[in-house]
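Counting in my numbering, the final residue of the sequence shown is number 919, and the numbers go up one at a time with none missing. Backbone N, C-alpha and C define an ideal beta-carbon position, used for all residues, glycine too.
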Amino acid sequence: MSNFLVDKFADILILRYDVDSFSKLSRRRKLYLYFLSEATLRGRDILFDQHHPYNLFLREAVSEMVAAASLDTEKEEYDALLCYYKQILFTSGIHHHYSERKHEPLFSSRYLSLLWEKIDENKRNEWRDSGFDKELLLEYIFNKEFAPIRTAENVEESSVNFYDKGITTEEIEAFYSARSKGPELSPGLQSKLRKNADNNLYEETYSTSGRYAPALKRIVAALRAAYFYAETDREKAIIEKLTTYYKSGADEDFRAYSLAWLNHSPDKTDVDFINGFIETYQDPLGRKATWEGLVQLYDREASRRTKLLSDNARWFEEHSPVSPAHRKPEVKGIQASVIEALMLGGDCYPASPLGINLPNNNTIRERYGSKSVTLSNISHAVDSTLYSGEYLESFFLKEEVRRRIMTFGSLTNDLHTDLHECLGHGSGRLEEGVSEDALKEWSATIEEARADLYALYYIADSKLVEMGLLPEDAYKAQYDLYVTGGAIIQLARLKQGEKIQESHMRNRALIARYLLDKCGADCLELKQNEAGDFFIEIHSYTKLRENIGHLLYRIQEIKSKGLYEEAEKIIRTYATDVPSEIYVSAKKRFDALRLSPFKGFINPRMEARYSSDGSVEEFTLDTSETYLEQMNRYNKVYRTLPLCNDSPNSAKSRTLELGRYHDTFKQLRRRLHNAMDGVVAESMRKGGIEHRTNFGVTLFRLKEIAKTMEPDPELIELLRYQKEVREFPLLSIFMLQGQELDYLQAVERCGDVETLEEAEQLVRELLVHQSYVYTLVDDLLYTPHHDGIVASIPHLLLAQSSMQKRVMPPASTLEKWIERVKHSICSEVVSETEQVLILRCLEKLSDLNPSFAKECRTHLKGYFDADNLFASEIDSILRFFAEE
36 MSNFLVDKFA DILILRYDVD SFSKLSRRRK LYLYFLSEAT LRGRDILFDQ HHPYNLFLRE
96 AVSEMVAAAS LDTEKEEYDA LLCYYKQILF TSGIHHHYSE RKHEPLFSSR YLSLLWEKID
156 ENKRNEWRDS GFDKELLLEY IFNKEFAPIR TAENVEESSV NFYDKGITTE EIEAFYSARS
216 KGPELSPGLQ SKLRKNADNN LYEETYSTSG RYAPALKRIV AALRAAYFYA ETDREKAIIE
276 KLTTYYKSGA DEDFRAYSLA WLNHSPDKTD VDFINGFIET YQDPLGRKAT WEGLVQLYDR
336 EASRRTKLLS DNARWFEEHS PVSPAHRKPE VKGIQASVIE ALMLGGDCYP ASPLGINLPN
396 NNTIRERYGS KSVTLSNISH AVDSTLYSGE YLESFFLKEE VRRRIMTFGS LTNDLHTDLH
456 ECLGHGSGRL EEGVSEDALK EWSATIEEAR ADLYALYYIA DSKLVEMGLL PEDAYKAQYD
516 LYVTGGAIIQ LARLKQGEKI QESHMRNRAL IARYLLDKCG ADCLELKQNE AGDFFIEIHS
576 YTKLRENIGH LLYRIQEIKS KGLYEEAEKI IRTYATDVPS EIYVSAKKRF DALRLSPFKG
636 FINPRMEARY SSDGSVEEFT LDTSETYLEQ MNRYNKVYRT LPLCNDSPNS AKSRTLELGR
696 YHDTFKQLRR RLHNAMDGVV AESMRKGGIE HRTNFGVTLF RLKEIAKTME PDPELIELLR
756 YQKEVREFPL LSIFMLQGQE LDYLQAVERC GDVETLEEAE QLVRELLVHQ SYVYTLVDDL
816 LYTPHHDGIV ASIPHLLLAQ SSMQKRVMPP ASTLEKWIER VKHSICSEVV SETEQVLILR
876 CLEKLSDLNP SFAKECRTHL KGYFDADNLF ASEIDSILRF FAEE
């Protein structure tokens with residue numbers, strides 16, 4: 036791809052990115068990546084709601100207005116509205132992602148009111164039922180005093196949706212201090228803190244049965260489908276731990292998932308992913324996490340660089356300029372790699388990080404290590420928009436400096452990111468008894484400054500030249516770029532009068548301004564030319580490095596000792612205020628160059644190619660979508676939450692989740708109640724199944740009810756996910772009878788079953804009639820083996836297909852099935868249910884073709900053990916049919 040540019044609006048540039056290694060992957064790996072990508076995209080609504088409870092309504096209302104507007108009249112207002120719409124899509128809400136201030140509407144409230152009246156009345160009624168109307172929308176957009184800032188320096192002034200309004204910082208700290216569970220756990224990470232009518236605080240956990248349940252159920256379904264295509268036990272373990280964590284929302288389960296993720300090295304499989312409530316930048320207290328997703332491919336060639344760094348991590352730690360007491364006594368498990376992003380989601384989309392280092396928990400880092408990635412294709416797309424001659428001449432005085440940046444700028448940027456992520460964040464330790472949350476609202480800025488300083492200090496070290504990572508003196512390009520960027524260029528991202536709010540931006544300002552203040556004019560100088568423009572000139576790169584080391588010592592001390600007041604002082608002194616003259620100078624030059632200070636990305640679209648039997652044969656990446664085409668598609672396809680999520684377990688929230696189908700579900704419950712079979716219901720109650728979750732309706736009656744219902748795809752999808760009522764997912768199966776089911780939907784359906792009854796009906800009523808049945812069996816039988824209820828599906832499919840078609844399955848499928856039988860004989864975790872289904876399938880296949888029994892006995896010779904009852908039963912069945 037030669038042209039990365041997709042769109043430009045406001046202060047934002049939208050780019051594409053290449054994924055060169057995708058085409059080299061096998062079909063199975065691409066299927067694995069497809070479902071991981073689905074899991075990445077299905078959490079999109081969560082971030083909008085976390086940024087503010089009105090954002091989902093805002094997005095939908097403005098989308099409807101853009102669609103209703105006429106381009107022929109009031110074009111200036113329309114253009115302003117369209118730009119505003121693109122901005123809220125980019126920042127997942129009404130606030131700018133860097134300044135944290137609300138986007139400024141350049142259209143009038145009168146224009147918006149006119150467009151409101153053009154929107155379908157049913158849609159407006161739906162919004163009203165959700166608690167939203169025109170007055171609230173106008174208030175949210177135009178009142179500058181209403182939710183003015185997303186993340187301020189305290190909870191009380193912030194607009195993020197992590198705490199109920201009225202809850203104070205003191206109450207939050209007291210609540211979590213009483214719930215400390217140990218240093219490896221992070222209480223409150225995946226929940227909203229609320230206050231009930233009795234003024235008591237309680238947590239609303241993010242889980243498949245709690246807050247954000249509709250989105251998390253769909254994420255889990257995609258992850259379960261990806262499980263079928265996992266290639267190693269470690270990949271399998273990550274998905275198992277992640278789905279368990281999403282079901283419970285428990286701190287212990289998040290720790291288990293983090294360790295499973297940390298235990299997987301992407302260089303073994305070329306694929307890795309991030310999915311969950313992870314980063315805490317948006318919480319003023321650094322406790323609550325936003326949702327994010329990232330699917331990535333391992334860049335083997337570029338990762339040699341990061342592996343070299345991580346292999347030498349102990350040397351870097353031992354030679355760090357920080358206090359020996361604040362160095363790690365032992366460097367453990369630093370995994371560093373360069374990756375290609377395949378799919379960005381949540382807090383990684385559309386604005387993507389250039390590097391990531393996880394887990395964030397400092398104790399886990401110290402005890403178990405960390406994993407770091409640099410996103411090479413994202414960096415490459417960004418670099419394609421920078422370093423023109425005109426840009427360099429505008430911000431750098433000397434030709435020598437400009438030549439060095441042109442030659443080494445991209446290389447040193449990549450290496451700075453590598454050092455920041457794989458060594459910087461993984462370095463250092465807290466003193467005994469210092470809390471992870473000691474720095475509170477200053478924590479994110481201090482941590483980012485610490486990692487940046489570590490990278491800046493070591494990028495100038497001769498060790499990197501010895502390792503062959505940098506030519507001599509190339510590091511100077513990074514020093515010029517960083518100090519000029521932090522002190523001058525990044526200010527162009529702000530609007531007149533704004534302070535610096537975003538943590539990464541504060542970190543860069545802190546470092547650059549501190550160095551200007553402390554280094555002396557013989558080392559570092561802020562100059563102004565005749566036109567009034569400001570420049571940075573470095574006179575001594577060696578002395579500059581010494582001062583970077585001094586500042587790293589101080590920042591690490593603040594972190595290690597938990598010096599809250601010191602953190603506040605150094606940030607307020609250097610990192611929040613904006614020098615007006617420097618701002619004007621930077622903004623003027625940026626605007627003259629028509630540059631956009633912020634970059635974002637659209638994802639490639641994974642397109643399936645189908646084989647003659649209807650199964651997926653191949654995937655390709657389509658990069659032709661425009662920004663709005665992708666965003667509007669995501670609005671429709673990945674809308675997973677109701678507009679209002681304030682009380683997810685309330686009757687009102689239930690009504691909102693079901694939307695226009697609420698009355699349908701109400702009537703359906705009544706029909707199910709009337710169709711109850713007393714005998715079935717009684718037997719199920721005796722079996723411990725609560726009456727409210729199981730009406731005890733017979734399968735025959737359920738099929739009759741399904742025949743009377745319109746096969747509405749949206750209703751079928753809703754029924755599928757309402758698993759708290761036994762009959763609902765069964766109805767969703769029966770309503771699809773006689774229809775062709777897309778292969779990807781079929782795989783996901785298989786991964787999503789939770790009971791044997793659901794698995795049996797899915798196979799009998801739907802899957803066995805599909806032309807791709809044997810390809811599906813092949814995919815589901817692939818190792819590593821699935822040991823849950825879904826493990827029963829291939830046995831059910833083979834038994835049913837052999838009965839109905841009276842034709843033996845393909846030899847290749849039978850070979851895979853026999854391998855599964857071998858695994859089942861030897862395994863201690865295979866359930867009795869699966870064993871019974873294997874025996875049933877064996878009888879059906881042997882009855883259809885007795886010679887199969889002889890062949891099967893040959894393959895299983897050596898597996899028959901008199902002490903193994905299951906093996907003995909297999910032997911008995913095979914002997915019977917072989918003798919017949």
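Can you tell which of the options has the C-alpha that lies nearest to the C-alpha of residue i?
i	options	result
Ala-324	Val-330, Tyr-316, Asp-552	Tyr-316
Arg-464	Thr-398, Val-408, Val-436	Thr-398
Leu-676	Asn-670, Pro-222, Ala-250	Ala-250
Ser-647	Tyr-809, Pro-140, Leu-737	Tyr-809
Glu-867	Glu-112, Ala-906, Leu-450	Ala-906
Leu-116	Ser-859, Asn-412, Gln-85, Ser-148	Ser-148
Ser-27	Leu-587, Gln-563, Leu-559	Residue numbering for the chain in the displayed model covers 36 to 919; residue 27 lies beyond these limits and cannot be assessed.
His-354	Leu-458, Asn-396, Met-441	Leu-458
Leu-450	Leu-815, Lys-59, Val-500, Arg-159	Val-500
Leu-849	Leu-872, Leu-816, Cys-861, Gln-870	Leu-816
Ile-123	Asp-84, Ser-144, Val-803	Asp-84
Glu-180	Asn-196, His-138, Glu-206	His-138
Leu-332	Ser-56, Gln-665, Asp-787	Ser-56
Gln-839	Asn-396, Ser-358, Glu-800	Glu-800
Thr-608	Phe-443, Glu-749, Asp-552, Thr-186	Asp-552
Glu-336	Glu-205, Gln-591, Asp-305	Asp-305
Ala-260	Ala-248, Arg-704, Thr-278	Thr-278
Which residues does DSSP list as the beta-bridge partners of residue i?
i	result
His-130	Lys-137
Trp-326	Phe-312
Met-378	Val-330
Glu-238	Leu-228
Leu-410	Ile-374
Gln-966	Past the boundaries of the shown model lies residue 966; the chain is included only from 36 to 919, so the question cannot be answered.
Phe-633	Ile-47
Gly-78	DSSP lists no partner for Gly-78.
Leu-643	The sequence shown places Ala at residue 643, not Leu. BP columns for Ala-643 point to Phe-654.
Val-306	Leu-332
Gly-390	Thr-409
Asp-937	Lying outside 36 to 919, the shown extent of the chain, residue 937 is not represented and no answer is given.
Ile-369	Ser-405
Arg-668	Answer is none; Arg-668 lacks a bridge partner.
Arg-548	According to DSSP, Arg-548 bridges with nothing at all.
Arg-607	For Arg-607, which the question treats as bridged, DSSP gives no partner whatsoever.
Arg-94	Answer by DSSP bridge pairing: none, since Arg-94 is not bridged.
Assign residue i to buried or exposed, taking buried as 16 or more other Cβ atoms, counted over all protein chains shown, within 10 Å of its Cβ.
i	result
Thr-790	exposed
Val-714	exposed
Tyr-119	buried
Thr-519	buried
Val-373	buried
Leu-40	exposed
Lys-6	The chain is shown only over 36 to 919; residue 6 falls outside these bounds and no answer can be derived.
Leu-904	exposed
Gly-404	buried
Should residue i be flagged as near chain C, meaning a C-beta pair shorter than 8 angstroms?
i	result
Ile-606	The question asks about chain C, but that chain is absent: this structure has only one protein chain.
Touch test, the segment 291–299 against the segment 98–106, Cβ-Cβ under 8 angstroms, three pairs minimum:
With fewer than three CB-CB distances shorter than 8 angstroms, the segment 291–299 does not count as touching the segment 98–106.
Quick test of the definition: if touching needs 3 or more C-beta pairs under 8 angstroms, does the segment 413–425 touch the segment 332–348?
Short answer: they don't touch.
Looking at C-beta atoms only, is the number of pairs between the segment 327–336 and the segment 378–396 that lie closer than 8 angstroms three or more?
Short answer: they touch.
With three or more C-beta pairs closer than 8 angstroms as the rule, is the segment 165–182 touching the segment 92–101?
Counting Cβ pairs under 8 angstroms, three or more are found: they touch.
Please confirm if the segment 71–85 is in contact with the segment 645–659, defined as three or more CB-CB distances below 8 angstroms between the two stretches.
As far as the Cβ criterion goes, the segment 71–85 does not touch the segment 645–659, which means the pair count is below three.
Which runs of the alpha helix (DSSP H) fall wholly inside the segment 127–215 and span at least 4 residues, in chain order?
The segment 127–215 contains these whole alpha helix (DSSP H) runs: 144–153, 156–164, 169–177, 204–212.
Does the segment 609–622 come close enough to the segment 777–786 that 3 or more CB-CB pairs lie under 8 angstroms?
Output reads no: the segment 609–622 does not touch the segment 777–786.
On the three-pair Cβ rule with 8 angstroms, is the segment 744–760 touching the segment 219–232?
Contact fails: fewer than three Cβ-Cβ distances are below 8 angstroms.
Using 8 angstroms as the cut-off, can you tell me whether the segment 634–642 makes contact with the segment 46–55, which would need three or more C-beta pairs spanning the two stretches below that distance?
With three or more CB-CB distances shorter than 8 angstroms, the segment 634–642 counts as touching the segment 46–55.
Would you call the segment 263–278 in contact with the segment 766–775, where contact means no fewer than 3 C-beta pairs closer than 8 angstroms?
With a cut-off of 8 angstroms on Cβ pairs, the segment 263–278 is not in contact with the segment 766–775, counting fewer than three such pairs.
Would you be able to state if there are at least three C-beta pairs under 8 angstroms between the segment 754–766 and the segment 726–745?
Below 8 angstroms, enough C-beta pairs join the segment 726–745 and the segment 754–766 to call them touching: three or more.
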